[in-house]
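J.: Shown below is the structure under consideration.
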């Protein structure tokens, strides 16, 4: 808005140089107002917590109806309602806060000034400011999504084992590729090896595909951007047309890749939310986040831990990293119209292995999942090394590395690697 | 029927003020109706907005510190832009000059910070930021002087070059890139050494950043420069008519280059103050001051003292709307932005009508309308 006004002024100044004469008309573009009201729960807050306030710092608008900020806001309001807190009076939100140190620090000051007891920040670039502010306000609890900074008392970070949900979605994609007789699977990704978040998602998905279709190849196209709807669609089309991919998976915000898959008559796996409504003839299932699971745990801990200095202890450590077991991540209900026969049985069998803790994705044990004639699934475990393609990304350049990531029968890759430094693709993943 | 826009000779001050106040009131009424439609009490909302949420805030002093962090870069940029605007050089490259200044200041902070004392580093940061921004601005001026290029387009396009350069620095992990944190797997800017930060003068809990004092000093200097020096007079003459200036024996090209350099230098200084206070770079470092500064300079009619007043009000509007939106669940920051835009737009419309009048021209003779 300000930019438009400033440009109009620059134009007016240029015109006004010519003194009188031309008929000037000032144009302006008005931005649409906001609609939709955040749900307000009952009037009665639970006893004793009527003063408790939750603060949140969002990257996009709090009245969004889809996407990353929406998912978090939905999670926070759902959790607060379940805990009997009033979202109209006990939730304070600073939204559209840029990833700028001063902007985040100011937002935190505002929320602390409003009396917030716990402050959530959802964007990676908020990390340093939140880290400093946690030290400045020791009696307020801070919780930061997707980052890696924390302290021992009042500042933790949180993220989820999305790779587990990706593995399950990979099984659905792999079974579909078997059914189609097409071993080429596409993946539209915001980034590739640069971020552990994207690399672990791609690898988890590819291993899931390979568990049912060992011959499958996952072709990855990188957007170089977290949100880019035009290229999300264009890259999906290219994967379908040039790489003959029959299933399109994605790591980006919008449903464009799924819609492109539907238009081309192929199939796909979404991300973040159930995208079946966007592409009913293409979508198989999506790897999704249940943010309310974390927010409920954290707010409950914050209300009962007896002081901000106990928050990290109450959360069981400085880094919350829940997965399928906590129901923090999952796959959306299968789209029965599109999935291959036996997909539900195969996914359920593997889910049980992960939830029980008997097995995890990045370990030295490989799963072979087969769907039997009667629709049941058989899961065999084989001790085999976890192999990458022999390359890793260091300071922007691909360099050679040992192809063996985990020896046969070895334990899972450490959480710190999955969340922070995974900079390689597993075997069977190709750059497209 | 045709109509012409004709410049007014003058407009009495009381009339101007009445129009401005009326414009703000009209925008608030409009916003109030929208707030009512959302089920929000407009009076409560506006009182929070105009007090910047400081009433009943247990750390109100922090709010004022943060308000000053918005105010300082804005007022300095607007003062800087007014220098060029007075000369009718439409520098809308404030964003780009600010970014180059911020990058230069950060480079000094990383290279000199660990070896030199804090005060020396900060001084060097200011100087290098001024030089970098100044040269970037002069580039557009030199092209205009030499080849007659349009400075509005040129400075506008240079903004984007600077912005993408900054994004490139922020997203490119490499051994040469000392702007980024080497310990982070994901590219993030790294903080300066703790000593590289403008000191604050404690006043109880409140700490007054010395940049605020420097900003007022710079404002006073520019005021005197424009009003009482030969160079200031030259700027005014070139602004009124380059031909007259040439006829009077003034070296117009030199004056243009010098003034634009000075203008961009001050924007660089604003950037140095900003990063030297935040202690870290970011891709959103400008906070749009290069754009907002244009509105401020225009509303203040390039008058340095009035720029301080207008900046204070616009910074209040900006900061206050963010705070007010935070506590009302129905109102998001898009609404706050829209309200800000409505206020600015109507004030500018009022401002336009104090300077120009629309003359209707009938089929027959000439008719004059208000």
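Chains as they are written, first to last, in our numbering: chain A, 1 to 432; chain B, 1001 to 1370. Glycine is no exception: its CB is placed at the ideal position from the N, C-alpha and C atoms. Since this is a predicted model, take the numbers as computed values, not measurements.
With a cut-off of 8 Å on the beta carbons, I'd call residue 254 (chain A) and residue 232 (chain A) a contact; round off their distance for me.
T.: What you label residue 254 (chain A) is simply residue 254 of the first chain in a count that begins at 1. What you label residue 232 (chain A) is simply residue 232 of the first chain in a count that begins at 1. Indeed, because the Cβ distance is near 6 Å, the residues count as touching under 8 Å.
J.: On a CA-only basis, which of B:1157, B:1032, B:1007 is nearest residue 1353 (chain B)? Give me that one, please.
T.: Indexing the second chain from 1 puts residue 1353 (chain B) at position 353. The residue with the shortest Cα to Cα distance from residue 1353 (chain B) is B:1007.
J.: Suppose you measure from the CA of residue 39 (chain A) to the CA of residue 1355 (chain B); what does that come to, to the nearest Å?
T.: As a position in the first chain, residue 39 (chain A) is number 39, starting the count at 1. As a position in the second chain, residue 1355 (chain B) is number 355, starting the count at 1. Bear in mind that the predicted position of residue 39 (chain A) carries a pLDDT of just 36, short of 50, making it unreliable; the figure below should be weighed with that in mind. So the alpha carbons of these two residues sit roughly 48 Å apart.
J.: Would you tell me roughly how many angstroms separate the C-alpha atoms of residue 342 (chain A) and residue 1057 (chain B), rounded to the nearest one?
T.: Translated into the one-based positions of the first chain, residue 342 (chain A) becomes position 342. Translated into the one-based positions of the second chain, residue 1057 (chain B) becomes position 57. The alpha-carbon atoms of residue 342 (chain A) and residue 1057 (chain B) are separated by roughly 59 Å.
J.: Between which two residues does the beta strand (DSSP E) harbouring residue 121 (chain A) extend?
T.: As a working note, residue 121 (chain A) is residue 121 in the first chain. Per DSSP, residue 121 (chain A) belongs to the beta strand (DSSP E) from 118 to 121.
J.: Once DSSP output is grouped into helix, strand and coil, what is the label at residue 10 (chain A)?
T.: The sequence position of residue 10 (chain A) within the first chain is 10, counting from 1. Three-state result, residue 10 (chain A): helix.
J.: Just mark residue 1314 (chain B) as buried or exposed, buried being the case when its beta carbon has 16 or more other beta carbons within 10 Å.
T.: Working through the second chain from its first residue, we reach residue 1314 (chain B) at position 314. Result: buried.
J.: At the level of alpha carbons, what is the spacing between residue 1011 (chain B) and residue 1349 (chain B)?
T.: Taking the first residue of the second chain as 1, we reach residue 1011 (chain B) at position 11. Taking the first residue of the second chain as 1, we reach residue 1349 (chain B) at position 349. About 15 Å.
J.: Pull up the DSSP beta-bridge partners for residue 1202 (chain B), would you.
T.: One-based indexing of the second chain puts residue 1202 (chain B) at position 202. In DSSP, residue 1202 (chain B) forms a bridge with B:1207.
J.: Once DSSP output is grouped into helix, strand and coil, what is the label at residue 1189 (chain B)?
T.: By one-based count along the second chain, residue 1189 (chain B) stands at place 189. If DSSP states are grouped into helix, strand and coil, residue 1189 (chain B) belongs with the strands.
J.: Let me see if you follow: with CB-CB separation under 8 Å, is residue 99 (chain A) close to chain B or not?
T.: Within the first chain, numbered from 1, the residue matching residue 99 (chain A) stands at position 99. Yes, residue 99 (chain A) lies at the interface with chain B (some Cβ there is under 8 Å from its Cβ).
J.: Work out the CA separation of residue 85 (chain A) and residue 1275 (chain B) for me, nearest whole Å.
T.: For the purposes of this step, residue 1275 (chain B) is taken as residue 275 along the second chain, with counting starting at 1. For the purposes of this step, residue 85 (chain A) is taken as residue 85 along the first chain, with counting starting at 1. Taking the straight line from one Cα to the other gives about 39 Å.
J.: Of the residues that make up the region 1165 to 1184 of chain B, which ones have a beta carbon closer than 7 Å to any beta carbon in chain A?
T.: Within the region 1165 to 1184 of chain B, the qualifying residues are 1172, 1173, 1174, 1175.
J.: Between residue 511 (chain A) and residue 246 (chain A), which are expected to be in contact by the criterion C-beta below 8 Å, what is the C-beta distance as a whole number of angstroms?
T.: An answer regarding residue 511 (chain A) cannot be provided, because it is not within the stretch 1 to 432 covered by chain A.
J.: Measure from the C-beta of residue 223 (chain A) to each C-beta in chain B and report whether the shortest distance is under 8 Å.
T.: As a position in the first chain, residue 223 (chain A) is number 223, starting the count at 1. So, not an interface residue.
J.: Using 8 Å as the Cβ pair cut-off and three pairs as the minimum, do the region 164 to 172 of chain A and the region 127 to 135 of chain A touch?
T.: Output reads no: the region 127 to 135 of chain A does not touch the region 164 to 172 of chain A.
J.: In angstroms with no decimal places, state the Cα-to-Cα distance between residue 1134 (chain B) and residue 2 (chain A).
T.: Mapped onto the second chain, residue 1134 (chain B) falls at position 134. Mapped onto the first chain, residue 2 (chain A) falls at position 2. Cα-Cα distance, rounded: 24 Å.
J.: What in chain B is Cβ-close to residue 91 (chain A), meaning under 8 Å?
T.: Mapped onto the first chain, residue 91 (chain A) falls at position 91. Within chain B, the residues near residue 91 (chain A) are 1329.
J.: Going by the beta-carbon positions, is the gap between residue 298 (chain A) and residue 418 (chain A) smaller than 8 Å?
T.: Here residue 298 (chain A) refers to the residue found at position 298 of the first chain. Here residue 418 (chain A) refers to the residue found at position 418 of the first chain. No, the Cβ-Cβ distance between residue 298 (chain A) and residue 418 (chain A) is not below 8 Å.
J.: Check whether chain A comes within 8 Å of residue 1069 (chain B), counting only Cβ atoms and requiring the distance to be less than that.
T.: Along the second chain, one-based indexing puts residue 1069 (chain B) at 69. Yes, residue 1069 (chain B) lies at the interface with chain A (some Cβ there is under 8 Å from its Cβ).
J.: Taking the Cβ atom as the reference point for each residue, do residue 1003 (chain B) and residue 1358 (chain B) lie within a distance shorter than 8 Å?
T.: For the purposes of this step, residue 1003 (chain B) is taken as residue 3 along the second chain, with counting starting at 1. For the purposes of this step, residue 1358 (chain B) is taken as residue 358 along the second chain, with counting starting at 1. Their beta carbons are under 8 Å apart, which means residue 1003 (chain B) touches residue 1358 (chain B) by this criterion.
J.: Closest to residue 1286 (chain B) by CA distance: which of B:1280, B:1271, B:1195 is it?
T.: By 1-based counting over the second chain, the position of residue 1286 (chain B) is 286. Taking only the C-alpha atoms, the option nearest residue 1286 (chain B) is B:1271.
J.: Might you give, ordered along the chain, the residues of its own chain that have their beta carbon closer than 7 Å to the beta carbon of residue 1371 (chain B), omitting 5 neighbours on each side?
T.: Residue numbering for chain B in the displayed model covers 1001 to 1370; residue 1371 (chain B) lies beyond these limits and cannot be assessed.
J.: May I ask which residues mark the beginning and end of the beta strand (DSSP E) holding residue 1302 (chain B)?
T.: Within the second chain, numbered from 1, the residue matching residue 1302 (chain B) stands at position 302. Segment: none, residue 1302 (chain B) is in no beta strand (DSSP E) and carries neither H nor E.
J.: If we cut at 8 Å on Cβ distances, does residue 1259 (chain B) have a partner in chain A?
T.: Taking the second chain and counting its residues from 1, the one referred to as residue 1259 (chain B) is at position 259. No, residue 1259 (chain B) lies away from the interface with chain A (no Cβ there is under 8 Å from its Cβ).
J.: Against residue 1310 (chain B), what residues of chain A qualify as contacts under a CB-to-CB distance less than 8 Å, listed in chain order?
T.: As a first step, residue 1310 (chain B) must be located in the second chain, where it is residue number 310. Here the premise fails: no neighbours, minimum Cβ distance about 13 Å.
J.: Pick from A:415, A:325, A:348, A:322: whose alpha carbon is nearest that of residue 333 (chain A)?
T.: On the first chain, position 333 is the one that residue 333 (chain A) refers to. Taking only the C-alpha atoms, the option nearest residue 333 (chain A) is A:348.
J.: Residues of chain A with a CB under 8 Å from the CB of residue 1267 (chain B): which are they?
T.: Stepping through the second chain from its first residue, residue 1267 (chain B) is reached at position 267. Going along chain A, no residue has its Cβ under 8 Å from residue 1267 (chain B), so there is no contact; the nearest lies around 14 Å.
J.: Using a 10 Å radius around the Cβ and a threshold of 16 neighbouring Cβ atoms, would you call residue 262 (chain A) buried or exposed?
T.: One-based indexing of the first chain puts residue 262 (chain A) at position 262. Classification for residue 262 (chain A): buried.
J.: Rounded to the nearest angstrom, how far is the Cβ of residue 384 (chain A) from that of residue 408 (chain A), given a contact under 8 Å?
T.: Here residue 384 (chain A) is taken as the residue at index 384 of the first chain, counted from 1. Here residue 408 (chain A) is taken as the residue at index 408 of the first chain, counted from 1. So it is a contact: roughly 5 Å between Cβ atoms.
J.: Can you list, in chain order, the residues of the region 1288 to 1319 of chain B whose Cβ is nearer than 7 Å to any Cβ on chain A?
T.: If the cut-off is 7 Å between Cβ atoms, the region 1288 to 1319 of chain B has 1288, 1291, 1292, 1294, 1295, 1298 near chain A.
J.: For the region 234 to 295 of chain A, which segments carrying the beta strand (DSSP E) assignment without a break, of at least 3 residues, lie completely within its bounds, in sequence order?
T.: For the region 234 to 295 of chain A, whole beta strand (DSSP E) runs of length 3 or above, ordered along the chain, are 247 to 251, 267 to 272, 283 to 289.
J.: Should residue 172 (chain A) be listed as close to the ligand COA, given that the test is whether its C-beta is under 7 Å from any heavy atom?
T.: Looking for the ligand COA in the displayed structure turns up nothing, as the structure carries no ligands at all.
J.: With a threshold of 8 Å between beta-carbons, can residue 113 (chain A) be considered close to chain B, or not?
T.: Position 113 of the first chain, counting from 1, holds the residue named residue 113 (chain A). For residue 113 (chain A), the answer is yes, since a Cβ of chain B falls inside 8 Å of its Cβ.
J.: Identify the contact partners of residue 87 (chain A) in chain B, using a Cβ-Cβ distance below 7 Å as the criterion.
T.: Residue 87 (chain A) sits at position 87 when you count from the first residue of the first chain. Result: 1329.
J.: Let's test the definition: count the other Cβ atoms within 10 Å of the Cβ of residue 80 (chain A) and tell me whether it reaches 16, buried, or not, exposed.
T.: Counting from one through the first chain, the residue named residue 80 (chain A) turns up at place 80. Its Cβ being crowded by 16 or more others within 10 Å, residue 80 (chain A) is buried.
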